[in-house]
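Residue numbers (the working numbering), protein chains in the order written: chain A, 1 to 140; chain B, 1001 to 1146. Working notes, structure below.
Now the structure itself:
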């Protein structure tokens, strides 16, 4: 399941090319800011985990936050284009981040992507979010 | 001397006089190198603790004061742990607004005898100043480790 997270994060980050940057929202005391959502970024937060001896599932939230509404819309389109190209990617082991190694299986995801606008008139940013189910083998 | 600087001197004197002695307060700056920040694979994490001078005055905010939303009770096999929320008055000489707003700055309270520590995030703050000069900050710090 760790490999699924790492693979999906890098799939987004490496293919979006830093525009916008990808930020993993997680609890990590060595990175105090990791638990906060970032503006002008694609925020990825892993939620439910459903292990299975056959095909496991991991629920992930993708939150595109931007100070400009039109930038948010552009980045939503970029994320959609990326996720709808193949709907799968080879799973890699990122224990050594500089040289990821294939583990012999893929992760794949829903074809139905719906981004909801989270409206808050007091917020200083625009917020689009979708949830996505990742399917993967749990034993690798 | 500006009014703010004059007030800050007096505040520092009061803080030195009334700061609790059962724990010592530090500012911790966390820096990372190597590893992979995106996935969380650990590189080298460096914690640099700087003693706050003057030491701040702080008091634990009770759950009833914060509406019961900020204290969590978790049970382990042998004890119950309670997330703590402190209100802390810190001099502008000890921490700057840049420190307080930094994503990589934490507050650490250490037992001076055992050196056991508890780490706190700065959840919110209120600046206290006069005539455009900072005098002190009221920090709301919430424990990151129970």
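In this text, a Cβ means the ideal position worked out from N, Cα and C, and glycines have one as well. These numbers were taken from a predicted model, which means no experiment stands behind them.
Residue i versus residue j - alpha carbon distance
i	j	result
residue 82 of chain A	residue 74 of chain A	13 Å
residue 65 of chain A	residue 40 of chain A	5 Å
residue 1097 of chain B	residue 1135 of chain B	11 Å
residue 1069 of chain B	residue 1085 of chain B	At residue 1069 of chain B the pLDDT is 47, less than 50, meaning the model places this residue with poor confidence; the figure from the coordinates comes in the next sentence. If you take the alpha carbons of residue 1069 of chain B and residue 1085 of chain B, they lie about 10 Å apart.
residue 1130 of chain B	residue 1056 of chain B	19 Å
residue 5 of chain A	residue 80 of chain A	18 Å
residue 27 of chain A	residue 1002 of chain B	43 Å
residue 1101 of chain B	residue 115 of chain A	31 Å
residue 1005 of chain B	residue 1011 of chain B	10 Å
residue 69 of chain A	residue 125 of chain A	8 Å
residue 1022 of chain B	residue 1112 of chain B	7 Å
residue 1009 of chain B	residue 1089 of chain B	14 Å
residue 19 of chain A	residue 42 of chain A	9 Å
residue 132 of chain A	residue 113 of chain A	7 Å
residue 84 of chain A	residue 103 of chain A	23 Å
residue 7 of chain A	residue 129 of chain A	20 Å
residue 1115 of chain B	residue 63 of chain A	40 Å
residue 88 of chain A	residue 57 of chain A	14 Å
residue 137 of chain A	residue 60 of chain A	16 Å
residue 135 of chain A	residue 1103 of chain B	33 Å
residue 1061 of chain B	residue 1016 of chain B	21 Å
residue 1013 of chain B	residue 1124 of chain B	25 Å
residue 1107 of chain B	residue 1144 of chain B	10 Å
residue 22 of chain A	residue 1020 of chain B	42 Å
residue 1099 of chain B	residue 123 of chain A	24 Å
residue 105 of chain A	residue 1042 of chain B	25 Å
Where residue i meets chain A, residues with beta-carbon distance less than 8 Å
i	result
residue 1039 of chain B	5, 6, 9, 10, 24, 94, 97
residue 1032 of chain B	30, 31
residue 1103 of chain B	32, 33, 36
Proximal residues of chain A, C-beta to C-beta of residue i below 7 Å
i	result
residue 1121 of chain B	32
residue 1124 of chain B	Near residue 1124 of chain B there are no residues of chain A at all, since even the closest Cβ is about 13 Å away, more than 7 Å.
residue 1036 of chain B	94, 97
residue 1060 of chain B	Here the premise fails: no neighbours, minimum Cβ distance about 21 Å.
residue 966 of chain B	An answer regarding residue 966 of chain B cannot be provided, because it is not within the stretch 1001 to 1146 covered by chain B.
residue 1045 of chain B	30
Chain B residues whose Cβ lies nearer than 7 Å to that of residue i
i	result
residue 83 of chain A	In chain order: nothing, as chain B lies at least about 17 Å away.
heavy atom of the ligand GDP below 6 Å from residue i C-beta
i	result
residue 66 of chain A	In the structure on display, the ligand GDP does not appear, and there are no ligands present to speak of.
Residue i burial status per 10 Å Cβ neighbour count (16 or more: buried)
i	result
residue 94 of chain A	buried
residue 1142 of chain B	buried
residue 1139 of chain B	buried
residue 32 of chain A	buried
residue 50 of chain A	exposed
residue 47 of chain A	exposed
residue 127 of chain A	buried
residue 1094 of chain B	buried
residue 1018 of chain B	exposed
residue 1122 of chain B	buried
residue 1040 of chain B	buried
residue 118 of chain A	exposed
residue 107 of chain A	buried
residue 1033 of chain B	exposed
residue 1092 of chain B	buried
residue 1054 of chain B	buried
residue 72 of chain A	buried
residue 13 of chain A	buried
Integer Cβ distance of residue i from residue j, believed to fall under 8 Å
i	j	result
residue 9 of chain A	residue 1038 of chain B	5 Å
residue 1024 of chain B	residue 1007 of chain B	Not a contact, Cβ separation roughly 25 Å.
residue 3 of chain A	residue 91 of chain A	5 Å
residue 1027 of chain B	residue 1105 of chain B	6 Å
residue 97 of chain A	residue 1035 of chain B	7 Å
residue 15 of chain A	residue 44 of chain A	Residue 15 of chain A to residue 44 of chain A, Cβ: 13 Å. No contact.
residue 35 of chain A	residue 1030 of chain B	Not really, about 13 Å apart at Cβ, beyond 8 Å.
CB contact below 7 Å: residue i versus chain C
i	result
residue 1144 of chain B	Protein chains in the displayed structure are A and B, and chain C is not among them.
Where residue i meets chain B, residues with beta-carbon distance less than 8 Å
i	result
residue 13 of chain A	1038
Original post:
What are the complete alpha helix (DSSP H) segments, minimum 4 residues, inside the region 41-125 of chain A?
Top reply: 69-86
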